[in-house]
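Here the structure is laid out as structure tokens; the discussion comes afterwards.
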Ligand code: SF4
């Protein structure tokens, strides 16, 4: 509906989808949401919305919603469900120790949910086995930022994209995955046609539309591009020697490795032309302001942390960071992956950017929480967590707002893990998904527009997600359910009456003593009343007088030395290599109009209409060899599983490669879950799975 017709009553919240974090205005008539538009004043989108955001209201149906708690498939009261969870967790911890329990969370949760879940596990159960599906999305970027800067800091803002001379988009199809940000880049280019945009991606994606150059490199070779760049900068007077000397460490070791990467070697390794590489390097050298914009194509790799580090190394060496229009800029996939990071939402983190491996930090958090214990070491990362479930070491898991049966690699292992686990608790708002089938206890939770709390987007802006409509059925908020269980387990510290009390507690913790974070201090927001919290405006951190939220302005990084850390990178090829049996590389990614496993976008006929059926893109030469034409039903098989979908013959994928969208699940097309192909191959530092490079064979399906 046309939003301008409904100006009487407006509620403001944040889009439920990607990490751009657009503000949305919801127009109400007679208490019902009837129209949606972008919030004109929100700093992420200034009134714009993409097609997913524009159709958010269509996803608000009560059909297929979970509305009552269930135990073993039977509806029960909340009282009974939370009693059973508390009893099972107490018994499991008593019999097998704290590490026999795990939480698996989601970047869809709000910061307050994440905070309470982490407090429960790390401070009261005493285990850090609390991880998240954000592990699959941006954990490599996090690991590299911590290694380089001493803190998980994304050093750029969206406005930097409008002030740069050269934008390198590497491993991102921003046109489809972060559309409103892409539109901002498009407008910036229109205003300043001299701005150069280089797309580095094995596929020719929709993002190529705004690129001046497209480097279709061999998949997985990205780190060589940046290693070669560092070498080139050193050879052609492109180093900021003063910055390197005063504010960094370990440059020589890093350069020694980069010296191995001549332009010729990079070209050969990446299967690009020498001129393409030289032209990119010259642009970097000559452009005063450069941004490297990256996302899942870099992160979802068995060497994702090193790839991110190679990008950071080049920016540190050239001094092209921490000033307008410059820097390494990772973009998160989910709406609140960043908020989760702020409250220690991963198994190797503590809240407020504190370090779980640091005894002083652990003690500070324990004292602040007045908790009986604190996890003494990092917990299991997602893939390892499910492995330990399979082998019987984890006896109880609580999965919130995510569908690991579809999103985690190696479906047979995840199936065995959930079958082996004695207690599987799943909180979700949908009545059907592939994971719910394995749950002993199912808990109905509030969904978008019912949930109340905050999210943080890719540029460190905290925004309110507001509960503008009443909860459906008997649903409760995630934080409320955790608190009820915590109290039944005899834990104090969970007596929150309203979500703003959780926000106040965690912002106070960000400013607590000397917690090691130089940037994440939200204590200036102060203790908010419920009404102040309800009216909280988008807020970018670090919070400083005058509103400039640039990070590390004093060039004092959060490492123990105060210097940024170069780390030498040796480019490595993906682990899942092709063979005679599996000769083709399968890439995977998002579509423009769908989101994750389609539990929301699948409800919108208009979004569904964009791509109704699963497909696999294959190159024309491969199609000829395999006698496949557009629309044929084809099968892709890896060593772990198979998918069946229609062929799309296109030269947007390179020879020997194919691409499949990630969204289909059992509910929509049971044979089209691309994750069924992935092996359990992860980055050794970040634990992020390698989901962009799976070796497969393809064949035409014959029905004769
Ligand atoms: Fe929502 Fe992302 Fe689209 Fe903005 S760009 S409307 S946050 S999906």
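Numbering (our numbering), first residue to last: 1141 to 1844.
Positions of the beta carbon are idealized from the N, C-alpha and C atoms, including for glycine.
Own chain partners of residue i with C-beta closer than 6 Å, once the 5 adjacent residues on each side are dropped
| i | result |
| --- | --- |
| residue 1243 | 1257, 1261, 1270 and 1538 |
| residue 1803 | 1734 and 1738 |
| residue 1513 | 1266 |
| residue 1360 | 1713, 1714 and 1833 |
| residue 1517 | none |
| residue 1149 | 1168 |
| residue 1683 | 1664 |
| residue 1158 | 1318 |
| residue 1689 | 1680 and 1682 |
| residue 1417 | 1403, 1406 and 1407 |
| residue 1393 | 1708 |
Where residue i falls, given that 16 or more other Cβ within 10 Å makes a residue buried
| i | result |
| --- | --- |
| residue 1478 | buried |
| residue 1471 | buried |
| residue 1426 | exposed |
| residue 1298 | buried |
| residue 1838 | buried |
| residue 1836 | buried |
| residue 1145 | With a pLDDT of 49 at residue 1145, under the threshold of 50, the modelled position of that residue is not reliable, and no figure is offered here. |
| residue 1114 | Look at the range of the chain in this structure, 1141 to 1844, and you will see that residue 1114 is not part of it. |
| residue 1238 | buried |
| residue 1376 | exposed |
| residue 1675 | exposed |
| residue 1399 | exposed |
| residue 1341 | buried |
| residue 1721 | exposed |
| residue 1669 | exposed |
| residue 1559 | exposed |
| residue 1510 | exposed |
| residue 1507 | exposed |
Backbone CA spacing between residue i and residue j [nearest angstrom]
| i | j | result |
| --- | --- | --- |
| residue 1650 | residue 1483 | 9 Å |
| residue 1789 | residue 1663 | 55 Å |
| residue 1659 | residue 1704 | 14 Å |
| residue 1570 | residue 1819 | 28 Å |
| residue 1210 | residue 1221 | 7 Å |
| residue 1423 | residue 1306 | 7 Å |
| residue 1611 | residue 1197 | 15 Å |
| residue 1681 | residue 1444 | 26 Å |
| residue 1143 | residue 1758 | In this prediction, residue 1143 has a pLDDT of 48, which is less than 50 and means its spatial position is unreliable; what the coordinates show is noted afterwards. In a straight line, the C-alpha of residue 1143 is about 41 Å away from that of residue 1758. |
| residue 1182 | residue 1321 | 13 Å |
| residue 1447 | residue 1201 | 42 Å |
| residue 1409 | residue 1415 | 14 Å |
| residue 1190 | residue 1156 | 12 Å |
| residue 1367 | residue 1432 | 14 Å |
| residue 1485 | residue 1540 | 13 Å |
| residue 1592 | residue 1247 | 15 Å |
| residue 1597 | residue 1677 | 14 Å |
| residue 1441 | residue 1473 | 15 Å |
| residue 1481 | residue 1497 | 16 Å |
| residue 1625 | residue 1746 | 40 Å |
| residue 1461 | residue 1411 | 29 Å |
| residue 1716 | residue 1821 | 8 Å |
| residue 1673 | residue 1605 | 11 Å |
| residue 1225 | residue 1581 | 8 Å |
| residue 1797 | residue 1311 | 16 Å |
| residue 1160 | residue 1679 | 14 Å |
| residue 1576 | residue 1616 | 18 Å |
| residue 1594 | residue 1602 | 6 Å |
| residue 1345 | residue 1710 | 28 Å |
| residue 1437 | residue 1634 | 39 Å |
Sequence-distant residues of the same chain with beta carbon closer than 8 Å to residue i, five excluded per side
| i | result |
| --- | --- |
| residue 1504 | 1494, 1652, 1653 and 1655 |
| residue 1841 | 1772, 1773, 1774, 1775 and 1784 |
| residue 1553 | 1526, 1527, 1530 and 1820 |
Same chain only: Cβ atoms within 7 Å of residue i, ignoring 5 sequence neighbours per side
| i | result |
| --- | --- |
| residue 1343 | 1727, 1792, 1793 and 1799 |
| residue 1546 | 1574, 1737, 1805, 1813 and 1815 |
Cutoff 7 Å: residue i Cβ touching any chain C Cβ
| i | result |
| --- | --- |
| residue 1602 | You won't find chain C in this structure, because it holds only one protein chain. |
Notebook entry, point to check: Which ranges does the alpha helix (DSSP H) cover as unbroken runs of at least 4 residues, wholly within the region 1522-1587, from first to last along the chain?
Noted result: 1522-1530, 1544-1547 and 1551-1560
Margin query: Residues around ligand 1, please: the condition is that the C-beta lies closer than 6 Å to some non-hydrogen atom of it.
Written below: 1155, 1157, 1158, 1160, 1161, 1162, 1185, 1189, 1190, 1192, 1193, 1318, 1319 and 1320
Checklist line | Whole alpha helix (DSSP H) elements within the region 1406-1470, 4-residue minimum | finding: 1414-1426, 1436-1439 and 1444-1458
Check: Where in the region 1247-1319 do unbroken runs of the alpha helix (DSSP H), each at least 4 residues long, occur, reported from the N-terminal end onward?
Finding: 1251-1258, 1279-1289, 1298-1301 and 1314-1317
Check: At what residue ranges does the region 1328-1355 contain a whole run of the beta strand (DSSP E), taking only runs of 3 or more?
Finding: 1336-1340 and 1353-1355
Note to self: Please give the ranges of any beta strand (DSSP E) in the region 1655-1685, keeping only runs that are unbroken, at least 3 residues long and fully inside the region.
What the structure shows: none
Next item on the list: Would you mind listing the beta strand (DSSP E) stretches within the region 1732-1820 that are 3+ residues and don't spill past its ends, in chain order?
Entry: 1755-1758, 1773-1777, 1782-1789 and 1797-1801
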